[in-house]
Amino acid sequence: MVRVALDADVVIAFLDPGDDHHATAVAELRPRLAVGDKLLAAATVYAESIARPLQQGTDAIVDEFFDAAGISIVAIDRAVARRAAALRAEYQSLRLPDAMSLATAIVTDSALLTLDKKLRDIARHAQPSS
Numbered sequence: 001m002v003r004v005a006l007d008a009d010v011v012i013a014f015l016d017p018g019d020d021h022h023a024t025a026v027a028e029l030r031p032r033l034a035v036g037d038k039l040l041a042a043a044t045v046y047a048e049s050i051a052r053p054l055q056q057g058t059d060a061i062v063d064e065f066f067d068a069a070g071i072s073i074v075a076i077d078r079a080v081a082r083r084a085a086a087l088r089a090e091y092q093s094l095r096l097p098d099a100m101s102l103a104t105a106i107v108t109d110s111a112l113l114t115l116d117k118k119l120r121d122i123a124r125h126a127q128p129s130s
């Protein structure tokens with residue numbers, strides 16, 4: 001069992017069969033669920049994942065998924081926020097939500113699961129926080 005921090009794109013695509021990346025998200029996340037990996041999501045990932053469902057009145061599906069999958073919500077504390085800021089300082093094109101996802105993975109010593117190739121590349125090069 002490993003710790004895996006989820007990026008919002010994975011959660012959003014996994015839950016929406018109409019999403020262009022649904023099949024990829026299912027292929028990436030289903031094995032993690034099957035082996036019982038410890039899944040984490042930054043509070044910002046939860047917020048991104050539930051925004052549209054709140055508009056559509058389907059937000060219960062998101063909460064049910066998080067509960068059923070045992071996904072722990074990681075609060076954005078000073079350590080995560082500082083690491084996200086350091087990532088943005090180093091990778092200036094990195095958006096804050098992506099920086100928060102990666103910072104959460106780094107601070108919690110987790111692998112990052114994202115569909116974003118640029119973010120995966122940055123994650124490979126980012127140094128653990130000190």
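Residues 1 to 130, numbered by our numbering, are exactly what the sequence shown covers, in order.
Heads up, the beta-carbon is just placed ideally off N, CA and C, and yes, glycines get one too.
Since this is a predicted model, take the numbers as computed values, not measurements.
Check                                                                                                                   : Outcome
Of the residues Ser-49, Arg-124 and Leu-40, the one placed nearest Asp-9, counting alpha carbons only                   : Ser-49
Residues of its chain near Tyr-46, where Cβ-Cβ distance is below 6 Å and the 5 sequence neighbours each way are ignored : Ile-73
Spatial neighbours of His-125 in its chain, beta-carbon cut-off 8 Å, leaving aside the 5 residues before and after      : none
Under 8 Å between C-beta atoms of Leu-40 and Val-4                                                                      : yes
Closest Cα partner of Ala-81 within the set Pro-31, Leu-115 and Ser-101                                                 : Ser-101
Range covered by the alpha helix (DSSP H) that runs through Arg-78                                                      : 78 to 90
Ile-71, DSSP secondary structure in three states                                                                        : coil
Where Glu-4 sits in the DSSP three-state scheme                                                                         : Rather than Glu, the amino acid found at residue 4 in this sequence is Val. Val-4 falls in the strand class under three-state DSSP.
Other residues of its chain near Val-35: CB distance less than 8 Å, five sequence neighbours each side excluded         : Met-1
Whole-angstrom distance between Val-62 and Pro-53, CA atom to CA atom                                                   : 8 Å
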